[in-house]
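J.: I have a structure here, written as structure tokens, and I will follow up with some questions on it.
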Amino acid sequence: MVGARRFFTVNQVDATGVGSPHQKELEEFSSAKFLLFKGLEEATLRRIVYEDLGAELDNVGLSEDWTITIEFFPEANVHISYFYYGDEFGDVEGELKFLLSGERVYWIPGEDSVTYTDIVLDFIERRIKNEEPSDKEYDEKTGIMKKVLEQRKEPFNFLEEEDVNELGKFIGGEVSKRGSNWSIKKEVLPEIFIEIIFDKGKNMLDISYSGKNLTKIGSYHIELIGVFTINHILRYITIKNQDKELPDICYKMFSRLFTKEKGWDHRKTS
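Below, the structure is given as structure tokens:
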């Protein structure tokens, strides 16, 4: 807890009882990306944070120089804090630290949050260097995405008319339903959209990407954010339908901290 907000570390979310491997990844991110921000002009930082990321510069109360706070999903925020120590700590000139906040952030597995943080850092690096990604195969689906769409389509059959507004609020997007067709559209970065389409009649799940800023992010990374969005929809479906017999994959969408809190059988979620 820092100030009035409740913060989590990825170790807490992973709830493994030992140091999380995802925490090690974050430490590696700090070592690899810290120098990007050293000496970065404030105007450049603010432009990237507010215009390119749609995020904000924040203060989480850790005596950091600054913090980037970006909304992963409503009530699920990622914080990237920059600390510059100079010679105060010898060889450690500075570092990045990472926190999570929001009422639903601990629902999300550490793997998803850490990978999303990596995507954000990569995005920032390319904006600093004014580079575009090399991968732009937005109309093609990788084998992983094809597998994700096949594995996760069944729970979408539990969506009902009454879910249109609540699901939209839950993912921070727009949801519409026409007949048996569902459209779930989310702006994941300014002018970068993901649309998830479910045809209940044909039991088919699909995904597409659009927006005038789409080429600022690589096709591999936007596909990963697409997976995260599908995963979050499954979290909504699971919580809304706890009294029903759901496919096992629904329970695999949650962190160990959350499943422990709910008392769910970890054999089901493993």
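As numbered in the numbering used here, residues 828 to 1097 make up the sequence shown, in order. Backbone N, C-alpha and C fix where the C-beta goes; we use that ideal spot for every residue, glycine too.
If you follow the alpha helix (DSSP H) that residue 861 is in, where does it begin and where does it stop?
T.: To locate residue 861, count along the sequence shown from 1; it is residue 34. Residue 861 -> alpha helix (DSSP H) spans 848–864.
J.: Report yes if the C-beta distance between residue 944 and residue 905 is below 7 Å; otherwise report no.
T.: Translated into positions along the sequence shown, residue 944 becomes position 117. Translated into positions along the sequence shown, residue 905 becomes position 78. With a cutoff of 7 Å on beta-carbon distance, residue 944 and residue 905 are scored as near each other.
J.: By DSSP, does residue 1091 sit in helix, in strand, or in coil?
T.: As a first step, residue 1091 must be located in the sequence shown, where it is residue number 264. In the structure shown, residue 1091 sits in coil (DSSP, three-state: anything other than H, G, I, E or B).
J.: Where does residue 1018 fall in DSSP's three states?
T.: Counted from its first residue, the sequence shown places residue 1018 at position 191. Three-state result, residue 1018: coil.
J.: So, for residue 832: in the same chain, excluding its five sequence neighbours on each side, which residues have a beta-carbon less than 6 Å away from its beta-carbon?
T.: The count along the sequence shown starts at 1 and reaches residue 832 at position 5. Counting only Cβ-Cβ distances below 6 Å, and skipping sequence neighbours, we find 928.
J.: Just reading off the alpha helix (DSSP H) that residue 977 is part of, what are its end residues?
T.: To locate residue 977, count along the sequence shown from 1; it is residue 150. Its alpha helix (DSSP H) spans residues 970–979.
J.: Within 10 Å of its beta-carbon, does residue 870 have 16 or more other beta-carbons around it, so buried, or fewer, so exposed?
T.: Translated into positions along the sequence shown, residue 870 becomes position 43. The residue is exposed, with fewer than 16 neighbouring Cβ atoms inside 10 Å.
J.: Pick from 994, 996, 1077 and 1015: whose alpha carbon is nearest that of residue 879?
T.: Working through the sequence shown from its first residue, we reach residue 879 at position 52. Measuring from the Cα of residue 879, the nearest candidate turns out to be 1015.
J.: Let me know the secondary structure DSSP gives residue 1043 once reduced to three states.
T.: Counting from one through the sequence shown, the residue named residue 1043 turns up at place 216. Helix.
J.: Measure how close the beta-carbons of residue 998 and residue 1011 come, nearest whole angstrom, since I'm counting them as under 8 Å.
T.: As a first step, residue 998 must be located in the sequence shown, where it is residue number 171. As a first step, residue 1011 must be located in the sequence shown, where it is residue number 184. The Cβ separation is near 7 Å, so the contact holds.
J.: When the Cα atoms are used, what is the spatial distance from residue 955 to residue 1024?
T.: As a position in the sequence shown, residue 955 is number 128, starting the count at 1. As a position in the sequence shown, residue 1024 is number 197, starting the count at 1. Computed Cα separation, rounded: 34 Å.
J.: Verify the CB distance criterion: does residue 923 have a CB-CB separation below 7 Å to chain D?
T.: Checking the listed chains, one finds no chain D in this structure; it contains a single protein chain.
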